[in-house]
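Note that full-length UniProt numbering has the sequence shown beginning at 1, numbered continuously upward. Working notes, beginning with the structure itself.
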Amino acid sequence: MTDCQSDQGTLTLRNKSLLKRNMNRNHSNNMRAGYVAVNEQYLHKTGLRGRKTYAFWTLIILLFFMAVGNLMLTFIILGVLRLGQGMESLELVPEASLIKFFGDIDLDKIYKRDGKLEGFHDAPVELTGNNGSVIVKLVETGEVNQPKIVSNREGTTIQGIKSFDVHDPQTGHTIFSTDFPNFGLPRGVEKLDIKLARTHRIASPIDSDLTLSAESYVRMKGIEGTHMDGKEILWKADQDIFLKSVNGSVILDAPKGIFLDVKNMPIADSESNKPGKPLTLQYKVCVCVPNGKVFRVPVVQGLSHKNSGCNYYPAEVDPCM
Numbered sequence: 001m002t003d004c005q006s007d008q009g010t011l012t013l014r015n016k017s018l019l020k021r022n023m024n025r026n027h028s029n030n031m032r033a034g035y036v037a038v039n040e041q042y043l044h045k046t047g048l049r050g051r052k053t054y055a056f057w058t059l060i061i062l063l064f065f066m067a068v069g070n071l072m073l074t075f076i077i078l079g080v081l082r083l084g085q086g087m088e089s090l091e092l093v094p095e096a097s098l099i100k101f102f103g104d105i106d107l108d109k110i111y112k113r114d115g116k117l118e119g120f121h122d123a124p125v126e127l128t129g130n131n132g133s134v135i136v137k138l139v140e141t142g143e144v145n146q147p148k149i150v151s152n153r154e155g156t157t158i159q160g161i162k163s164f165d166v167h168d169p170q171t172g173h174t175i176f177s178t179d180f181p182n183f184g185l186p187r188g189v190e191k192l193d194i195k196l197a198r199t200h201r202i203a204s205p206i207d208s209d210l211t212l213s214a215e216s217y218v219r220m221k222g223i224e225g226t227h228m229d230g231k232e233i234l235w236k237a238d239q240d241i242f243l244k245s246v247n248g249s250v251i252l253d254a255p256k257g258i259f260l261d262v263k264n265m266p267i268a269d270s271e272s273n274k275p276g277k278p279l280t281l282q283y284k285v286c287v288c289v290p291n292g293k294v295f296r297v298p299v300v301q302g303l304s305h306k307n308s309g310c311n312y313y314p315a316e317v318d319p320c321m
């Protein structure tokens with residue numbers, strides 16, 4: 001077995017012993033002579049040889065392609081998102097700790113530590129929800145009535161606050177505050193467009209008219225009654241005007257009398273309005289009970305009072321229905 005070579009092509013034990021003896025003979029006088037002739041084939045060789053070399057260069061090539069791929073991906077992200085000192089729709093200002101948004105921003109939730117949402121000098125801040133409400137509130141504090149602003153299709157509601165102020169961004173003056181005992185329109189504002197107002201008194205300056213108008217209807221309701229006073233009170237409506245009192249009476253009083261515009265008031269049908277009858281020049285104003293609807297009936301001279309009463313009209317044209 002010592003004279004035969006192994007399957008891997010290595011030296012036999014005999015040849016190895018001869019090589020070792022030769023190496024000891026060549027290096028035995030190292031300290032004495034100061035120089036020893038070295039046979040390179042007997043030295044141990046360092047570095048990568050054979051298959052290890054192929055694996056090393058394969059790994060280097062893979063790392064190179066990965067670096068090139070990451071570089072291309074970085075350039076694509078920079079081009080698509082347009083990254084710079086921010087992104088396409090926002091800009092970071094580290095000096096002022098600000099984030100500037102440009103255009104329309106679609107965000108789910110925004111947390112602001114200082115609680116300030118500001119816009120540019122020449123552009124207002126618009127918050128829009130897609131088929132939902134826009135809610136601005138403090139971080140959850142566990143309280144039932146938390147300070148928040150809710151804006152939806154029904155309107156804008158401010159809840160859980162002690163006071164609400166609106167300031168001029170240029171001068172800093174207070175335009176509106178709930179702490180004011182009397183709220184007056186700012187200078188230059190002649191119209192206040194609201195859907196609901198809860199107050200104990202609405203008044204206009206002296207020698208100025210107060211106009212309450214709406215596209216559909218105006219409803220004034222007082223828990224303990226409603227009192228209207230003025231030099232002249234004019235009510236106009238396309239259809240009906242309702243005066244209703246639950247626990248009291250409806251009182252219309254004026255020093256110079258009360259005038260009703262009878263041009264558009266409904267007329268109850270009677271005998272005097274039929275063809276061949278003389279035209280009527282006078283009317284009697286009647287009030288339906290209990291709905292309070294006002295109508296007029298014609299009064300013709302020469303006819304008896306029975307033919308000009310408030311209840312003298314055919315049943316099929318009842319004005320109180």
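Glycine included, every Cβ here is placed at the ideal spot set by N, Cα and C. Keep in mind that this is a model prediction, so the values were computed, not measured.
Boundaries of the beta strand (DSSP E) around K100: 98 to 101.
Short of 7 Å from the beta carbon of I99, and not among the five residues preceding or following it, lie these beta carbons of its own chain, in chain order: L90, L92. Cβ contact annotation for K52 (same chain, cutoff 6 Å, sequence separation greater than five): none. A Cβ-Cβ distance of about 20 Å is found for the pair S151 and S177, leaving them out of contact under the 8 Å criterion. Scanning V294, P298, L212 for the CA closest to the CA of M228 turns up L212. Taking 8 Å as the cut-off, the Cβ atoms of G155 and K195 count as close. The residue among K116, L252, A214, A237 with its C-alpha nearest the C-alpha of T226 is L252.
Residue range 294 to 299 is occupied by the beta strand (DSSP E) that includes R296. In the three-state reduction of the DSSP assignment, E126 falls in the coil class, being assigned neither a helical nor a strand state. Distance check between Y111 and each of V139, A96, V125, I206 places V139 closest, using alpha-carbon atoms only.
Taking C-beta separations shorter than 8 Å and ignoring five residues to either side along the sequence, the partners of L81 in its chain run M87, E88, following chain order.
Residue environment analysis places P124 among the exposed positions, since fewer than 16 neighbouring C-beta atoms fall within 10 angstroms of its C-beta. Spatial neighbours of P147 in its own chain (CB-CB distance under 6 Å, excluding positions within 5 residues in sequence) are listed in chain order as L138, G160, I161. For F176, the three-state secondary structure derived from DSSP is strand. Residues I149, F164 of the same chain have their beta carbon placed closer than 7 Å to that of I158, with the five preceding and five following residues left out of the count. Cβ-Cβ distances below 6 Å link V285 to R296 in the same chain, with the five nearest sequence neighbours on each side left out; the list follows chain order. Under the three-state reduction of DSSP, K109 is assigned to coil, being neither helix nor strand. In terms of Cα proximity to G248, the closest of A254, D240, E224, K256 is E224. For H121, no pairing in a beta bridge is given by DSSP. Taking all protein chains in view, the Cβ of P298 is crowded by 16 or more other Cβ atoms within 10 Å, so the residue is classified as buried.
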